[in-house]
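Here the structure comes first, spelled out in structure tokens, and everything after it is commentary.
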Amino acid sequence: MPSELKTLMVAEIEKRIGSSEALVLVGMTGLKGVETAAIRRKVKESGARLFHLKNTLARIVFERKGLAGLEDYLVGPTAVLYGDDPVAVAKLAKEFAKEYPEKFEMHGGYLVGRICAPEEVKAMADMPPYEEMVATMLATLASPVTNLLAAVSSPVSNLLNVLEQVRESKEESKAS
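This note's numbering puts the first residue of the sequence shown at 12, with every later residue one more than the last.
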């Protein structure tokens, strides 16, 4: 029977990562206090969150949330970096792994509705931000409509220009 403390800890983990769209499991070992503080500051500024997990409790949470397979990435001391923007969370994890190569490593994650290996998290980090992807997609979708509108309105505007020139030439001939 689980202890009351462990039950509360599982509930707290579930509450924290609850409806997050992005989770990246990371290993943070050997970091100095100043380095950890710098990481936490950047995480907070980005709007993401970071906290350390007890692997046995994390396994229970992942099982309850239907994230089977994610527990394979619970190796050694583990922290979870999480937030609502998968690209931003992946970029943050990649940045920290690059900045602290021996002390910070990506183990894997849950991004865009699927379990991801560390390589997939790194690939996600190379994508443009979510807002930029949406803007690009909308521009791509709007482009044919804009071109069609230009093609349809072009003959009409050309006809109006010709009629305007005819009117001007008639006015000039009357004035002469």
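Cβ coordinates follow ideal geometry from the N, Cα and C atoms, glycine included. Just so it is clear, the structure is predicted and the values come from calculations on it, not from any experiment.
Secondary structure within the region 15-79: the beta strand (DSSP E) runs of 3 or more consecutive residues, fully enclosed, are 33-39, 60-64 (chain order).
Note on His63: under 16 other CB atoms within 10 angstroms of its CB, so exposed under the neighbour-count rule. The C-beta distance from Ala146 to Pro97 rounds to 17 Å, too long to meet the 8 Å contact threshold. The criterion of a C-beta distance shorter than 8 Å is not satisfied by Met138 and Leu68. Assignment of Tyr93 by DSSP, reduced to helix, strand and coil, places it in the strand class.
Leu61 is not a Cβ neighbour of Arg52, given a cutoff of 8 Å. When only Cα atoms are considered, Thr40 and Ala49 end up about 15 Å apart. Within its own chain, the residues whose Cβ lies closer than 7 Å to the Cβ of Leu85, once the five positions on either side in sequence are excluded, are Leu36, Asn66, Ala69, Arg70, listed in chain order.
In the DSSP assignment, Glu116 falls within the beta strand (DSSP E) that extends over 115-122. In its chain, beyond the 5 residues on either side, Ser31, Ala33, Gly58, Ala59, Arg60, Val100 have a beta carbon closer than 7 Å to the beta carbon of Gly94. According to DSSP, Arg125 shares a beta bridge with Leu122. By the 16-neighbour rule on beta-carbons within 10 angstroms, Val54 is buried.
Distance check between Tyr121 and each of Lys43, Ala161, Gly77, Glu110 places Gly77 closest, using alpha-carbon atoms only. In this structure Lys105 is buried. Its beta-carbon is surrounded by 16 or more other beta-carbon atoms within 10 angstroms. In terms of Cα proximity to Pro88, the closest of Leu81, His118, Gly80, Lys185 is His118. Linking Arg27 to Val156 through their CA atoms gives a straight-line distance of about 44 Å. In this structure, the alpha-carbon of Asn169 lies about 42 Å from that of Pro140. Taking C-alpha positions only, Gly124 is separated from Ala161 by approximately 40 Å.
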